[in-house]
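All remarks here apply to the structure that follows.
In the numbering used here, the protein residues as written are 39 to 774.
Here it is, written out as structure tokens:
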């Protein structure tokens with residue numbers, strides 16, 4: 039197996055031809071790599087890459103067992119089932135003979151492993167299929183060699199190669215060593231859609247049984263000999279510093295081994311600084327932490343108050359701001375308008391709050407550093423710890439565990455860096471688990487925002503002009519704290535919206551960050567979707583048209599800009615029609631009093647999602663009865679997983695629409711746990727029907743696009759049922 043080791047440990051790209059000469063491995067079965075286009079995040083350019091990376095591998099052993107590594111991080115979204123199933127389908131592997139393992143952090147072997155932005159399948163779908171197809175071709179070639187016939191006389195099916203001439207068959211395991219010495223095909227033939235056995239079908243998660251009975255290993259489950267446990271607290275205000283610390287009370291607690299001061303590490307995703315208690319068990323560490331006497335210098339952000347800040351954002355978008363995008367002549371459109379309409383939409387900070395809090399185990403030794411972490415980005419762990427320890431990032435060994443939810447929070451590895459600081463000082467392996475309260479009060483947050491839209495209508499109710507101002511603290515402030523507004527790139531989703539009104543202007547209002555802003559599932563689409571979807575409904579009523587007809591008119595009026603825009607408009611209309619039909623939109627006037635259906639459609643992450651939400655409203659009591667969700671995300675890998683993703687998006691969208699908001703007062707978060715940050719409970723769950731558009735387009739985003747349309751569809755449904763219009767999220771905020 040020495041050749042495999044040489045390939046796996048070699049950094050950087052090698053030529054495709056050179057790799058193919060090295061890929062066949064005798065003496066241990068068939069091992070094959072995959073080609074990952076460096077620019078595959080751009081779906082329009084898939085396949086354009088000219089180099090070949092031995093990034094991930096299929097291992098076929100002599101007994102026929104097949105191991106497929108998943109380089110992307112599994113956090114409940116089902117990626118470790120979906121991607122290997124694409125390999126198995128093209129390989130004609132028997133799914134029951136396939137075993138899947140999570141890959142360790144190693145970008146040289148597995149390619150970029152950062153898991154987010156709904157990009158995993160976009161990036162990996164084609165190369166994973168090619169890997170499976172290459173393996174199948176090599177196995178067929180091996181069988182043809184055994185039978186002394188042409189490969190054209192052979193075909194593969196369910197872990198066997200069959201001989202068309204004499205009806206004989208050979209098992210994959212029997213062919214593994216011979217196949218390992220066959221040349222790797224340059225351009226293996228891929229299946230047609232009609233030949234798929236796994237792709238596009240419903241496939242149970244490969245680890246479903248382990249998840250159900252609690253055998254899956256999450257970050258919090260990691261155990262090592264000699265492991266000690268840490269609990270941590272941070273300054274409640276971003277930028278604050280430790281002023282004084284009395285450790286006496288904590289050190290008196292039986293089982294406490296030490297108290298560690300963690301200085302601020304001023305790199306992206308480094309610790310903001312804190313104090314940790316180390317003990318024999320996590321309970322002791324948590325209780326001793328409460329006995330620390332700490333005084334903080336709160337710094338300049340102690341002035342932050344989200345109620346006042348949101349009012350300031352509104353003021354900033356209701357006046358001229360910094361131009362980012364413009365087309366046509368909006369001033370002329372407004373001047374000629376039959377009528378004009380404007381509205382402002384706001385939303386608060388959100389906490390990721392995954393069910394599994396931040397957790398990692400780190401063991402820093404003189405000549406090594408080993409990490410076990412629930413993470414979305416092992417490479418960022420390697421970079422941050424490499425900077426902290428002054429070691430080559432490749433020397434940091436990161437074992438990626440199953441994450442019990444993430445939603446963007448586990449891209450940031452401050453909790454891993456802190457465990458490394460503690461381990462280095464205490465000279466022992468450390469497990470650090472942030473408490474729920476600590477994550478909610480000193481974590482990263484989705485931006486609070488204000489969106490102001492003005493539009494003009496002509497005498498036929500056609501939208502002739504659209505002005506969109508946005509103000510929200512930028513994610514870029516993590517890397518450049520001097521940023522005081524969202525960048526032009528952050529408003530691309532506004533400028534490229536499928537409505538594409540001919541006369542358009544986008545502007546960015548001032549919004550300085552006073553806390554850590556981090557990617558949250560759906561990112562900008564949450565507040566853009568709410569503003570676009572609700573404003574369109576309001577415009578429909580202004581034009582005295584029903585929302586479905588008005589939205590179709592918007593797409594039709596604007597679809598003549600270019601061919602790409604026409605496609606976006608057509609596919610948006612497609613999901614809108616599907617959701618409306620399944621929800622019984624045409625029968626909405628026959629609903630009982632106090633009930634209504636709301637429609638919204640949004641384009642994000644190159645996918646199209648429409649939702650029809652049916653509600654019952656009685657005063658301030660809002661009950662979501664049913665949600666029909668239609669999605670067009672190109673070719674779906676796993677229908678079961680895709681359906682679950684959309685159902686989860688409804689849950690998350692419903693929580694942020696109705697109840698969840700992080701509030702700051704005097705610079706500190708007021709919320710502390712789920713009693714005052716109430717995510718949706720099972721008793722609130724509506725009936726959800728997911729309708730997936732059959733598509734021949736390449737796969738696009740799936741995990742995030744479903745979140746955005748829920749809030750506007752809900753707002754529109756409430757208006758239909760009661761006449762009350764909500765423009766602020768959450769719609770039912772708690773007093774905290």
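Don't be surprised by glycine CBs; every beta carbon is placed ideally from N, CA and C.
For the beta strand (DSSP E) that contains residue i, what are its first and last residues?
i	result
residue 414	Element bounds for residue 414: n/a, residue is neither H nor E.
residue 201	198-201
residue 728	725-730
residue 316	312-317
residue 282	279-284
residue 96	96-98
Among the residues of its own chain, which have a CB less than 7 Å from the CB of residue i, if the five just before and after it don't count?
i	result
residue 439	255, 256, 257, 260, 410, 411, 412
residue 67	97, 98, 99, 100, 214, 215, 218
residue 79	The predicted position of residue 79 is uncertain, since its pLDDT is 42 and thus under 50; a value taken from the coordinates is nonetheless stated next. 157, 160, 161, listed in sequence order.
residue 59	A caution first: residue 59 carries a pLDDT of 33, below 50, which makes its placement in the model unreliable, though a value can still be read off. Once the five neighbours on either side are set aside, residue 59 has no close Cβ partner at all.
residue 194	130, 174, 177, 178
residue 236	123, 126, 127, 133
residue 446	154, 390, 556, 557, 558, 559
residue 426	303, 455, 458
residue 47	Reliability fails at residue 47, whose pLDDT of 29 lies under 50, so the model's placement of it is uncertain and the value that follows must be treated cautiously. Cβ within range, chain order: n/a, list empty.
Tell me the DSSP bridge mates of residue i?
i	result
residue 455	Partner(s): none; residue 455 has no beta bridge.
residue 390	The partner list for residue 390 (beta bridge, DSSP) is empty, contrary to what the question assumes.
residue 646	641, 670
residue 107	139
residue 470	268, 398
residue 652	635, 664
residue 296	316
residue 334	280
residue 406	403
residue 207	200
residue 546	360, 508
residue 702	707
residue 555	483
residue 239	676
residue 256	440
Can you list, in chain order, the residues of its chain whose CB lies under 8 Å from that of residue i, leaving out five sequence neighbours each side?
i	result
residue 770	658, 660, 696, 697
residue 384	348, 351, 352, 486, 487, 488, 489, 765, 766, 767
residue 279	273, 302, 311, 334, 335, 337
residue 762	655, 756
If I follow the unbroken alpha helix (DSSP H) through residue i, where does it start and stop?
i	result
residue 576	563-580
residue 594	585-596
residue 139	Looking at the DSSP string, residue 139 is not in any alpha helix (DSSP H); the run it does join, the beta strand (DSSP E), is 136-140.
residue 267	Run containing residue 267: none in the alpha helix (DSSP H); it sits in the beta strand (DSSP E), 266-272.
residue 216	210-218
residue 195	Not the alpha helix (DSSP H): residue 195 falls in the beta strand (DSSP E), residues 192-195.
residue 249	246-251
residue 779	Any answer about residue 779 is impossible in this case: the structure gives the chain only from 39 up to 774.
residue 756	748-760
residue 436	Residue 436 -> not in any alpha helix (DSSP H); beta strand (DSSP E) instead, spanning 434-438.
residue 610	601-621
Quick one: measure Cβ to Cβ for residue i and residue j, integer angstroms, because I've assumed they're closer than 8 Å.
i	j	result
residue 375	residue 228	No, residue 375 and residue 228 are not in contact; Cβ-Cβ is about 52 Å, not under 8 Å.
residue 755	residue 636	3 Å
residue 742	residue 563	7 Å
residue 580	residue 377	7 Å
residue 614	residue 589	6 Å
residue 435	residue 408	5 Å
Can you give me the Cβ contacts of residue i inside the same chain, cut-off strictly under 6 Å, excluding the 5 residues immediately before and after it?
i	result
residue 699	386, 768, 771
residue 191	202, 203
residue 463	298
residue 527	none
residue 548	354, 522, 523
residue 358	none
residue 402	458, 461, 462
residue 575	585, 754
Whole alpha helix (DSSP H) elements within the stretch 473-543, 4-residue minimum
List check, alpha helix (DSSP H) in window: 474-480, 530-533.
Every unbroken beta strand (DSSP E) within the stretch 336-397, with a cutoff of 3 residues, ordered by chain
Scanning the stretch 336-397 for uninterrupted beta strand (DSSP E) segments of 3 residues or longer gives 360-365, 377-385, listed from N- to C-terminal end.
Any alpha helix (DSSP H) of 4 or more consecutive residues that is wholly inside the stretch 116-171
117-129, 145-148
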